[in-house]
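Peer 1: Just so it is clear: in the sequence shown, position 446 is 449 by our numbering, and no numbers are missing.
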Amino acid sequence: MQLALLSGFVVAGFAPLLHRWFGARTPLVMALLPAFLAAWLMGLWPNVTSGETLLLEWAWVPGLDITLTFLIDGLSWLFAMLITVIGALVLIYSGEYLRGHRDLPSFLVVITAFMMSMLGLVLADNLVTLFVFWELTSLTSYLLIGFNHTDPDSRKAALQGLFVTAGGGLALMAGLVMLAMAGDSWSLYELVQRGEVLRDHALYTPMLICLLIGAFTKSAQFPFHFWLPNAMAAPTPVSAYLHSATMVKAGIYLLARLHPALGGTDGWVITLSLVGALTMVTGAFLAIHHTSIKKLLAYSTVMALGTLTMLLGVGTQKALIAFVAFLVGHSFYKGALFMVAGILDHETGTKDVTAMGGLRQVMPLTAVVAGLAALSLAGLPPLLGFVGKELMLAAVLEAVDWRPLLLALALVAAILTLAAAAIVALRPFFGRRQETPSTPHEPPRAMLAGPAVLAVLSLLFGLMPGLLDSLASVTVAGIALEGGEGGAAEVHLALWHGFNLPLLLTFVSLLLGLLVYRHWDTLRTWLARLDPLMKRGPEAGYDALMAGMVAFAYWQTRMLQNGYIRNYLVMTLLVLVGLVGHALFFRHAPEFDLVLSVYLHEAIVVGLMVAGGVSACVMRSRLAAVAAVGVMGFSIALTFVLFSAPDLAITQLLVETLTVILLVLVLFRLPHFATLSTPGERLRDLVVASLTGGLITLLMLSVLAGERLPRISDYMIANSQPLGHGHNIVNVILVDFRALDTLGEVFVLALAAIGVYAMMRFHASSQWTQPSPRKNDDD
């Protein structure tokens, strides 16, 4: 499995070469990869349905205990099959949809990498591996959404999706780290078996918040739902794949995987139930607000994602069974409907359903496929969507918390979803024939094959839902709470459960949904009055946040990165004083040895150093300032001599002499001194310099006063001769123990000499000008 996944990324990289060889048939060739993976997964069907859990492990970073481990059980097998089967169909579909497109090779590279990233995410067992694949899906989806990179709307939508999901990814990373700390493991397989420990841990609440933010942003839960419909700027194959089996299902998968470990608490149940229900009804409401068929389907995806989240929040056995049935049904009908939407756009030249009509006469096969998929979306028999919808309503009726509210929202969502399904199935294909920008006809077989297969699967599993019993049983057992009822009972899916309350609610939603569809045009006119309010929704908050970030970046650039080196130095030193000073005084309780025993000649040398430093700051002559700096440096060399360090004194003397010579050679060619700072700025510089000097002095006194760690000098003295074969310890340190450091210093000196030589050679063709005095940096 590891080789198959990694080879998938390799195959993605070879897509341009394959396109040279196979031309328009390249997508068909690329589809062999997910088809092979699906066949391999089908070979594991007996193992999965018998309840076995397969762990495939490969040491990735052994030193950090990071392994490339894949976990295959009912849940991961289900998601992996959806990813590979629908992925193969989408690749076949994209070959015709993008036939002749100049960027088809790059599209195949990215969508194949996206497929492998999503597959790695749902199969990953190690938390680090899961996070790596999680972020890879964000990056590759960004490239897919922005595929039409010359379109500003595509670029904006791609950036929006990236910022929202990557921001959630940062929260997810923090949550995964806390999860590993609380559960004392980086393995999902081990963590889900330690639910009691995790739920009782002090980190449970912050861990849960971070994990839910990561999952909600990825799966477009309210208030992060706005990025998903905007992602419709992507080509239709991307939309079909992203909405049916990948990307947005990543957050749902993570919630389902963590349900046994983190579920069952008030925080989990209430948050997922209410957020999921609110997302469900928001998506259904916004779906009927739009006339673009892709936007309409996108908001119906938001509705489905909210339903799945709500079911995980309810968490009962019926809710988990409904979760599995609804998940599979949604994947089938949503992939089919998006491909149909692409066919309509491709053949008619418009995405607006109000501009279509009577297309069943020229596109009868497409009309049948769209009708089957839309019936499943509406939750009507005998499609799989009906099975999932009835189970969902039954689960809500048994909810422990917030049952009346959840039931009311579920019924409203069902009514609006049925209206949206009717709009998709009836408006384009029935009624009066309308003129479209292009002359419509049946699409090529490769474009119709994918939606037809998915629609037939919806019908097949709707008529015989018992085919999913074994898979649903092991999946529900894997995601049920530890010791809960979900893992004990057998699952028996059926199309007919007799006359009951869920069936009655389905009938009510059918009547009211058809009523909404009948008056849809009038309803849209009324809904248009809400546009000013809707423009102030979560997306407006995102836009305000991004504008604020840009404004803040402009401000901090103008203030902190304004091109003045002295300002950079001031900020660097203030940060040094703040961080080191805080650590010194508040965390380490320094001890200062202030007992002074200074001889007269030592005091004279110190006085020379102070005088040299002060003189360098106040001198108006450049050469005098250089001389003052030289006095300070030579005084330091004299200090080394007084304390029996002649080697250091010679080094200091040579460096100081070279520095003075270089400064003299360069500075006398520069213009005269000018007033480049105000008195206030000079006072600021004096304060910063005093704070920095005082901190370094206290830091050195603290180091000399305490013996917190063994002295490095003891190691140098003990190992100078045995290891370095030298009796001069300083030379051994410079040549052996600090060889690379010394080499770096030599390189820096050489580079400085080259720079000085270049400046000296450059003066002949340059005209130096004296800068004019100024009052502040803005003049």
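Cβ atoms here follow ideal geometry from the backbone N, Cα and C, with glycine treated the same way.
Keep in mind it's a predicted model, so treat the numbers as computed, not measured.
If you count every other CB in all the chains shown that lies within 10 Å of the CB of Ile699, and 16 or more means buried, which is it?
Peer 2: Here residue 699 corresponds to residue number 696 of the sequence shown, with the count starting at 1. Exposed, because fewer than 16 other Cβ atoms sit within 10 Å of the Cβ of Ile699.
Peer 1: What's the gap between the Cα of Ser144 and the Cα of Ala161?
Peer 2: Looking up residue 144 in the sequence shown gives position 141. Looking up residue 161 in the sequence shown gives position 158. Cα to Cα, the separation comes out at about 8 Å.
Peer 1: What residues match up with Phe12 in a beta bridge as DSSP calls it?
Peer 2: Here residue 12 corresponds to residue number 9 of the sequence shown, with the count starting at 1. Answer by DSSP bridge pairing: none, since Phe12 is not bridged.
Peer 1: Mapping DSSP to helix, strand and coil, what is Thr695?
Peer 2: For the purposes of this step, residue 695 is taken as residue 692 along the sequence shown, with counting starting at 1. Helix.
Peer 1: Nearest by alpha-carbon distance to Arg741: which of Ser723, Leu368, Trp24 is it?
Peer 2: As a working mapping, residue 741 is identified with position 738 in the sequence shown. Per the Cα distances, Ser723.
Peer 1: Buried or exposed for Tyr571, please, with buried defined as at least 16 other CB atoms from any protein chain shown within 10 angstroms of its CB.
Peer 2: Against the sequence shown, residue 571 aligns to sequence position 568. Result: exposed.
Peer 1: Give me the Cα-Cα distance between Gly636 and Met612, rounded to the nearest whole angstrom.
Peer 2: For the purposes of this step, residue 636 is identified with residue 633 of the sequence shown, where counting begins at 1. For the purposes of this step, residue 612 is identified with residue 609 of the sequence shown, where counting begins at 1. So the two alpha carbons sit approximately 8 Å from each other.
Peer 1: What is the DSSP secondary structure of Leu74, counted as helix, strand or coil?
Peer 2: Working through the sequence shown from its first residue, we reach residue 74 at position 71. In the structure shown, Leu74 sits in a strand (DSSP, three-state: E or B).
Peer 1: Can you list, in chain order, the residues of its chain whose CB lies under 6 Å from that of Leu94, leaving out five sequence neighbours each side?
Peer 2: The residue given as residue 94 occupies position 91 in the sequence shown. Here the set comprises Pro30, Met33, Ala34.
Peer 1: Give me, in chain order, the residues of the same chain whose beta-carbon lies closer than 8 Å to that of Gln5; leave out the 5 immediate sequence neighbours on both sides.
Peer 2: Reading the sequence shown from its first residue, position 2 is the one you call residue 5. Leu59, Trp61, Leu71, Phe73, listed in sequence order.
Peer 1: Starting from Trp61, follow the alpha helix (DSSP H) in both directions and report where the run begins and ends.
Peer 2: On the sequence shown, position 58 is the one that residue 61 refers to. Element bounds for Trp61: not the alpha helix (DSSP H) but the beta strand (DSSP E), 57-64.
Peer 1: Apart from the five residues on each side of it in sequence, which residues of its chain come closer than 7 Å, Cβ to Cβ, to Phe12?
Peer 2: In the sequence shown, counting from the first residue as 1, residue 12 sits at position 9. Counting only Cβ-Cβ distances below 7 Å, and skipping sequence neighbours, we find Ala116, Met119.
Peer 1: When we look at the beta-carbon of Cys620 and count the other beta-carbons within 10 Å, is it buried (16 or more) or exposed?
Peer 2: Counting from one through the sequence shown, the residue named residue 620 turns up at place 617. Per the 10 Å Cβ criterion, exposed.
Peer 1: Counting only runs of 4+ residues fully inside the segment 492-569, write out the alpha helix (DSSP H) ranges in chain order.
Peer 2: You should have 504-521, 523-530, 534-537, 541-563.
Peer 1: Measuring CB atoms only, is the segment 390-402 touching the segment 491-505, in the sense that at least three cross pairs come out at less than 8 Å?
Peer 2: Contact between the segment 390-402 and the segment 491-505 is present, because at least three Cβ pairs lie under 8 Å.
Peer 1: Does Trp430 pass the burial test, meaning 16 or more other C-beta atoms within 10 Å, or should it be called exposed?
Peer 2: The residue labelled residue 430 in the question sits at position 427 within the sequence shown. The amino acid occupying residue 430 in the given sequence is Arg; Trp does not appear at that position. Buried, because 16 or more other Cβ atoms sit within 10 Å of the Cβ of Arg430.
Peer 1: Given a threshold of 16 other Cβ atoms within 10 Å of its Cβ, counted over all protein chains shown, does Asp128 qualify as buried or as exposed?
Peer 2: Here residue 128 refers to the residue found at position 125 of the sequence shown. With 16 or more other Cβ atoms within 10 Å, it is buried.
Peer 1: What whole-angstrom Cβ distance do Leu289 and Tyr302 have, given they're in contact under 8 Å?
Peer 2: In the sequence shown, residue 289 corresponds to position 286, counting from 1. In the sequence shown, residue 302 corresponds to position 299, counting from 1. Confirmed, about 4 Å.
Peer 1: For Leu752 and Leu665, what's the separation of their Cα atoms in angstroms?
Peer 2: Within the sequence shown, the letter at position 749 stands for residue 752. Within the sequence shown, the letter at position 662 stands for residue 665. Between Leu752 and Leu665, the C-alpha separation is close to 11 Å.
Peer 1: Can you tell me where the alpha helix (DSSP H) holding Trp230 begins and where it ends?
Peer 2: Taking the first residue of the sequence shown as 1, we reach residue 230 at position 227. Residues 230-233.
Peer 1: From what residue to what residue does the alpha helix (DSSP H) around Asp404 run?
Peer 2: Position 401 of the sequence shown, counted from the first residue, corresponds to residue 404. Taken as a continuous stretch (DSSP letters only), Asp404 belongs to no alpha helix (DSSP H), as it is neither H nor E.
Peer 1: For Leu533, count neighbouring Cβ atoms within 10 angstroms of its own Cβ and tell me buried if that reaches 16, exposed if not.
Peer 2: For the purposes of this step, residue 533 is taken as the residue at position 530 of the sequence shown. Counting Cβ neighbours within 10 Å, Leu533 comes out exposed, since fewer than 16 surround it.
Peer 1: If you reduce the DSSP assignment to three classes, tell me which class Ala127 lands in.
Peer 2: The count along the sequence shown starts at 1 and reaches residue 127 at position 124. Ala127: strand per DSSP, three-state reduction.
Peer 1: Can you grab the Cα-Cα spacing for the pair Val415 / Leu396, in whole Å?
Peer 2: Taking the sequence shown and counting its residues from 1, the one referred to as residue 415 is at position 412. Taking the sequence shown and counting its residues from 1, the one referred to as residue 396 is at position 393. Rounded to the nearest angstrom, the two C-alpha atoms are 12 Å apart.
Peer 1: Taking only the alpha-carbon atoms, compute the straight-line gap between Leu460 and Asp154 and give it to the nearest angstrom.
Peer 2: Walking along the sequence shown from the start, residue 460 turns up at place 457. Walking along the sequence shown from the start, residue 154 turns up at place 151. About 36 Å.
Peer 1: Please report the distance separating the alpha-carbon of Gly279 from that of Leu323.
Peer 2: To locate residue 279, count along the sequence shown from 1; it is residue 276. To locate residue 323, count along the sequence shown from 1; it is residue 320. Approximately 14 Å between the Cα atoms of the pair.
Peer 1: Along the chain, where does the alpha helix (DSSP H) containing Val459 start, and where does it finish?
Peer 2: Taking the sequence shown and counting its residues from 1, the one referred to as residue 459 is at position 456. 448-466 is the span of the alpha helix (DSSP H), which, as asked, contains Val459.
Peer 1: One question on the structure: do Gly352 and Pro440 come within less than 7 Å of each other, judged by their Cβ atoms?
Peer 2: Sequence index remark: in the sequence shown, residue 352 carries index 349 (1-based). Sequence index remark: in the sequence shown, residue 440 carries index 437 (1-based). Closer than 7 Å, so yes.
Peer 1: Among residues of its own chain, excluding the 5 on either side of Gly164, which ones have a beta-carbon nearer than 6 Å to its beta-carbon?
Peer 2: One-based indexing of the sequence shown puts residue 164 at position 161. Once the five neighbours on either side are set aside, the close Cβ partners of Gly164 are Ile148, Trp230, Ala234.
Peer 1: Between which two residues does the alpha helix (DSSP H) carrying Ala161 extend?
Peer 2: If you number the sequence shown from 1, residue 161 lands on position 158. Its alpha helix (DSSP H) spans residues 155-186.
Peer 1: So, Gly633 versus Val663, is the Cβ gap smaller than 7 Å?
Peer 2: Your numbering for residue 633 matches position 630 in the sequence shown. Your numbering for residue 663 matches position 660 in the sequence shown. Yes, they are a contact pair.
Peer 1: Using C-beta distances below 6 Å, list every residue in its chain close to Thr369, excluding the 5 sequence neighbours before and after it, in chain order.
Peer 2: Stepping through the sequence shown from its first residue, residue 369 is reached at position 366. Result list for Thr369: Ile346, in chain order.
Peer 1: Is the segment 447-467 in contact with the segment 357-377, if contact means three or more CB pairs nearer than 8 Å?
Peer 2: They touch, by the three-pair rule.
Peer 1: Looking only at its own chain, which residues have a Cβ that is under 6 Å from the Cβ of Met790, when we skip the five neighbours before and after it?
Peer 2: In the structure as shown, the chain starts at 4 and stops at 782, and residue 790 therefore has no counterpart that could be examined.
Peer 1: Would you kindly work out how many angstroms separate the C-alpha atoms of Ala185 and Cys213, rounded to a whole number?
Peer 2: Within the sequence shown, residue 185 is the residue found at index 182, counting from 1. Within the sequence shown, residue 213 is the residue found at index 210, counting from 1. The straight-line gap from Cα to Cα measures roughly 14 Å.
Peer 1: In the DSSP assignment, the alpha helix (DSSP H) including Arg260 goes from what residue to what residue?
Peer 2: Counting from 1 along the sequence shown, the entry for residue 260 is found at position 257. Here the alpha helix (DSSP H) through Arg260 covers 251-265.
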